[in-house]
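Line order of the protein sequences matches chains A and B.
This note's numbering applies: residue 23 is where the first sequence begins, and numbers increase by one.
This note's numbering applies: residue 63 is where the second sequence begins, and numbers increase by one.
Ideal Cβ placement from N, Cα and C applies to all residues, glycine included.
Single-structure report; data block below.
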Amino acid sequence: MRQLFFCIAVIFCSCARAQEFEEQRSFGEPDGSLVLRVISSTDTALFEPIIMGFLADNPAVGIEYFVTGSADLNQAIMQPDTNYDIAISSAMDLQTKLVNDGYALEIDNIDIPDWAHWRHSVFGFTKEPATILLSKSAFAGLQMPSTRQDLISVLRSNPERFRGKIGTYDIRASGLGYLFATQDARTSETYWRLMEVMGNLDAKLYCCSGQMIDDLASGRLSVAYNVIGSYARARSDLDRIIEIVEPADFTTVMMRTALVTARSVKKESAINFLKYLISARWNDADFSETSLPSLAGQPGEQGLPKGVISLGPGLLTYLDSLKRQKFTSEWNDALVQK
Amino acid sequence: MASGATIRGSLRTRLMLLLIGSSAILAIILFVLVRSFAVQIAQQSQDRILLASATSILEAATVRNGEVEIDIPYSAFAMLNTKNDDRVFYKIEQDGVFLSGYEGLISSSGETDSPMFKMEEFNGNVVRVVSESRRLSDDQTTQTLVASVAQTRDSLADTLQDISRTAGILGFGFFVLATALSLWSAAYAIRPLNRMANTVARRGPQDLRAVTQSVPKEMGPLVGALNRLMGRLGASLTQSEDFIAEAAHRVRTPLATVRSHAEATLQRVNKEENRSALRAMIRAIDESSRAAGQLLDHAMVTFRADQIATENVDLGDLCGEIVDRLRPLADMKDIEIALDVRGPAKINGDPILLQNAVRNLIDNALKYSPAESEITLALWTDDKVRLEVRDQGPGFPKDQIEQLPHRFTRGSNAKGTIGSGLGLTIAQDVVTAHKGEMVISNAAEGGGACVNFSFALQ
Numbered sequence: 023m024r025q026l027f028f029c030i031a032v033i034f035c036s037c038a039r040a041q042e043f044e045e046q047r048s049f050g051e052p053d054g055s056l057v058l059r060v061i062s063s064t065d066t067a068l069f070e071p072i073i074m075g076f077l078a079d080n081p082a083v084g085i086e087y088f089v090t091g092s093a094d095l096n097q098a099i100m101q102p103d104t105n106y107d108i109a110i111s112s113a114m115d116l117q118t119k120l121v122n123d124g125y126a127l128e129i130d131n132i133d134i135p136d137w138a139h140w141r142h143s144v145f146g147f148t149k150e151p152a153t154i155l156l157s158k159s160a161f162a163g164l165q166m167p168s169t170r171q172d173l174i175s176v177l178r179s180n181p182e183r184f185r186g187k188i189g190t191y192d193i194r195a196s197g198l199g200y201l202f203a204t205q206d207a208r209t210s211e212t213y214w215r216l217m218e219v220m221g222n223l224d225a226k227l228y229c230c231s232g233q234m235i236d237d238l239a240s241g242r243l244s245v246a247y248n249v250i251g252s253y254a255r256a257r258s259d260l261d262r263i264i265e266i267v268e269p270a271d272f273t274t275v276m277m278r279t280a281l282v283t284a285r286s287v288k289k290e291s292a293i294n295f296l297k298y299l300i301s302a303r304w305n306d307a308d309f310s311e312t313s314l315p316s317l318a319g320q321p322g323e324q325g326l327p328k329g330v331i332s333l334g335p336g337l338l339t340y341l342d343s344l345k346r347q348k349f350t351s352e353w354n355d356a357l358v359q360k
Numbered sequence: 063m064a065s066g067a068t069i070r071g072s073l074r075t076r077l078m079l080l081l082i083g084s085s086a087i088l089a090i091i092l093f094v095l096v097r098s099f100a101v102q103i104a105q106q107s108q109d110r111i112l113l114a115s116a117t118s119i120l121e122a123a124t125v126r127n128g129e130v131e132i133d134i135p136y137s138a139f140a141m142l143n144t145k146n147d148d149r150v151f152y153k154i155e156q157d158g159v160f161l162s163g164y165e166g167l168i169s170s171s172g173e174t175d176s177p178m179f180k181m182e183e184f185n186g187n188v189v190r191v192v193s194e195s196r197r198l199s200d201d202q203t204t205q206t207l208v209a210s211v212a213q214t215r216d217s218l219a220d221t222l223q224d225i226s227r228t229a230g231i232l233g234f235g236f237f238v239l240a241t242a243l244s245l246w247s248a249a250y251a252i253r254p255l256n257r258m259a260n261t262v263a264r265r266g267p268q269d270l271r272a273v274t275q276s277v278p279k280e281m282g283p284l285v286g287a288l289n290r291l292m293g294r295l296g297a298s299l300t301q302s303e304d305f306i307a308e309a310a311h312r313v314r315t316p317l318a319t320v321r322s323h324a325e326a327t328l329q330r331v332n333k334e335e336n337r338s339a340l341r342a343m344i345r346a347i348d349e350s351s352r353a354a355g356q357l358l359d360h361a362m363v364t365f366r367a368d369q370i371a372t373e374n375v376d377l378g379d380l381c382g383e384i385v386d387r388l389r390p391l392a393d394m395k396d397i398e399i400a401l402d403v404r405g406p407a408k409i410n411g412d413p414i415l416l417q418n419a420v421r422n423l424i425d426n427a428l429k430y431s432p433a434e435s436e437i438t439l440a441l442w443t444d445d446k447v448r449l450e451v452r453d454q455g456p457g458f459p460k461d462q463i464e465q466l467p468h469r470f471t472r473g474s475n476a477k478g479t480i481g482s483g484l485g486l487t488i489a490q491d492v493v494t495a496h497k498g499e500m501v502i503s504n505a506a507e508g509g510g511a512c513v514n515f516s517f518a519l520q
């Protein structure tokens, strides 16, 4: 038995070592060895202002920032020898499961509404809607769709114009894509119809929002479904090219969440960073310029804002292997159609 | 009230402690009962939700071509959301083979059809596990599916803490209320006893009637015994009074007879030595008669002073009477008795005792005063009611003033004077019984004896 564990550990370790990061950057020049290792699914450019703000207040701390997909991130934290201090991810379900399975540290005294945290371990700090990105040029002469139903109609009536030019997440590769897909499917049957239409038009599958935006910019894509709106807005150079639509029928809103790993050896600094991150996103007006939208709702708004996926054990449902298998195969049937 | 009684413990305190003690025990029982009941209810509600979750997972299972598919409904886990964000674990097995969920979770079902509930340690947490099973069948095969759902108990612990606090407050409130009621009950239960004690204490000294007021059953024996005691006491007091009267009569009458015989004989004999012998005899008889009188006075004073019966006494009138009665005796010795009433002098007292005291003082003064002198009896009221008797005799021996009021003590200059040494003792006893003060001194000029009584104002 012990040997079996050892084998598994070796395999996992080698996987972890072999892990490739989309980006990897070091911030700050700490005197000592106090470097926080942050693993994140958020692009460095979007996160940089917050990191710089934190380092300005804490000059003795350095930050190493790793960017990877939310599914890989989840795997990395579950490694027995993980050495990350903070995990920041848009895949709320995976983060919730990390907490449920005891991989996150419980932190008290963080001023945050009940709906924005779970078990005082995973904390929401942004509120980001899943949007439909449309290339303005591709829709020249057409009514811009504002709902999924509109989009289905437009695609059905212009199959040749959009064939091969539709993109969405590959839910098998992207944790966030899976979360958006399952939440959409929970909310409306329209999702499945849309997937069938997109499958019929040879939709392309992506791992990340960034690549979809790039392909839209270059004209390789005309429609990108379920892209994080904040990423597109961050690219001000694309204002003229891309139309960002928050579907009027329903909008799925994701909270970007952060947690301190239970195995972190720099807990105090990690907690400080988390607190800074949350207070910056919740209260501080200085960061209104950063591209990550704040969580703070409209004045007087109480409870979970409309459309926001709620943190809780319900998120574990679609992570069940049987359920996942079933959902993925249905999705395959609709979209990949092979 | 408690004078002379040996006090040990208190019925009221004892009663109160018993009541408070039993209400404390009841409060604790109440707390324990409410809490254990709450534990049961809270556990039941957690079990019901876990069972509902497990059931909804099993309900979503289908068999297609021998393959089990489970489309777990979102609600299966969403319903397990709690205030304290409890962790959720689950496991789905098919004929004992792990299908999905947390493999380490130990399920305990499959043996019976009814759901199993148990506590388990999983992943460093104590969890409540519910296992439910369901048989599924398609054309070829029959499978048994077991779904186990587990949840941590943070929220339950919180709820229990809340309930414990409420139960604690309830128990404490009950205890406080019961204590207040105990105080009142103890006071109420003890009330007849106090009432009887008051009635008996308010009685006059001569009132030895039986207690007739109605008393609770438990006090019956006490009151009965008290009544019998008072009956015996009354009888014995009557006996003493009768004895004193009888003794006075028996002693005085034969002495008077002997004296009259001696005087008659004195008229008849001429021989000087016989006459002087007879005179000595008459003197001795007088002395005995007087001593007997004073002894009886003293006994009577002692008896009456023990249970003084007070009424409003005008000392002026009282002294006037005595002076009138003693004036013939004084006239025989050529002594003037002056009554000097300087103002109203009234006290609460026993007139018979006071009379006795004053008469003894004047008697003494008459004995020791030379002929053709004056005895002054003065009465006045300042901060106290005062009575003073002064004579022009030789006065008290200075070195004996302190001892004189003691029984049978006579002044060293009293030789040749008839007396028993009880006069001042009687006066002293009477004054003490009236809570007054007696001061004896010698007058500054003339050197006569002076006795001063002072009594509190009414």
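Which residues in chain B sit within 8 Å of residue i, going by Cβ to Cβ distance?
| i | result |
| --- | --- |
| Gly-336/A | Tyr-136, Ser-137, Phe-139, Ala-140, Asn-143 |
Under three-state DSSP, which class holds residue i?
| i | result |
| --- | --- |
| Pro-151/A | strand |
| Phe-202/A | helix |
| Phe-161/A | coil |
| Asn-332/B | coil |
| Arg-352/B | helix |
| Asp-342/A | coil |
| Tyr-164/B | coil |
| Leu-207/B | strand |
| Gln-465/B | coil |
| Gly-336/A | helix |
| Lys-348/A | helix |
| Ser-217/B | helix |
| Gln-108/B | helix |
| Asp-355/A | helix |
| Ile-331/A | coil |
| Trp-43/A | Note on identity: in this sequence residue 43/A is Phe, with Trp being the wrong assignment. In this structure, Phe-43/A counts as coil in the three-state DSSP scheme. |
| Asn-289/B | helix |
With a 10 Å radius around its C-beta and 16 neighbouring C-beta atoms as the bar for buried, classify residue i as buried or exposed.
| i | result |
| --- | --- |
| Ser-137/B | exposed |
| Ile-132/B | buried |
| Val-363/B | buried |
| Ile-134/B | buried |
| Ser-244/A | buried |
| Phe-139/B | buried |
| Gly-270/A | In the sequence on display, residue 270/A carries Ala and not Gly. Classification for Ala-270/A: exposed. |
| Ser-310/A | In this predicted model, Ser-310/A has a pLDDT of only 49, less than 50, meaning its place in the structure is not dependable; the value taken from the coordinates is given anyway. The residue is exposed, with fewer than 16 neighbouring Cβ atoms inside 10 Å. |
| Lys-149/A | buried |
| Phe-99/B | exposed |
| His-323/B | exposed |
| Ile-231/B | exposed |
| Ala-342/B | exposed |
| His-139/A | buried |
| His-311/B | exposed |
| Thr-90/A | buried |
Can you list the residues of chain A that residue i reaches, using a CB-CB cut of under 7 Å?
| i | result |
| --- | --- |
| Asn-127/B | Those do not exist, as Asn-127/B stays about 14 Å from chain A at its closest Cβ, beyond 7 Å. |
| Leu-161/B | Leu-344 |
Residues of chain B with CB closer than 9 Å to the CB of residue i, please, in chain order.
| i | result |
| --- | --- |
| Asp-123/A | Arg-149, Phe-151, Tyr-164, Asn-185 |
| Ser-231/A | By Cβ distance, chain B contributes nothing, its closest Cβ being about 25 Å from Ser-231/A, past 9 Å. |
List the residues of chain A that residue i touches, going by C-beta distances under 9 Å, in chain order.
| i | result |
| --- | --- |
| Ile-132/B | Asp-342, Leu-344, Lys-345, Lys-348 |
Mind listing the chain A neighbours of residue i? Cutoff is C-beta to C-beta under 8 Å, in chain order.
| i | result |
| --- | --- |
| Leu-73/B | Going along chain A, no residue has its Cβ under 8 Å from Leu-73/B, so there is no contact; the nearest lies around 57 Å. |
| Asp-111/B | This sequence places Ile at residue 111/B; Asp is not what is there. Within 8 Å Cβ-Cβ: nothing; Ile-111/B doesn't reach chain A, min ~11 Å. |
Quick check: is any heavy atom of the ligand FAD less than 7 Å from the C-beta of residue i?
| i | result |
| --- | --- |
| Thr-169/A | No copy of the ligand FAD appears in this structure; indeed no ligand is present at all. |
Say whether the stretch 163-170 of chain B touches the stretch 90-108 of chain B, bearing in mind that this needs 3 or more beta-carbon pairs closer than 8 Å, one atom from each stretch.
no
Start-end ranges of the beta strand (DSSP E) lying completely within the stretch 385-427 of chain B, minimum 3 residues
398-403, 408-411
Kindly provide the ranges of any beta strand (DSSP E) runs that are 3 or more residues long and lie completely inside the stretch 167-220 of chain A, ordered along the chain.
188-191
Runs of alpha helix (DSSP H) wholly within the stretch 85-140 of chain A (minimum 4 residues, chain order):
92-100, 114-122
Three or more C-beta pairs closer than 8 Å, one from the stretch 221-230 of chain B and one from the stretch 83-99 of chain B: is that the case here?
yes
Taking one C-beta from the stretch 203-211 of chain A and one from the stretch 233-240 of chain A each time, how about it: are there three or more such pairs within less than 8 Å?
no
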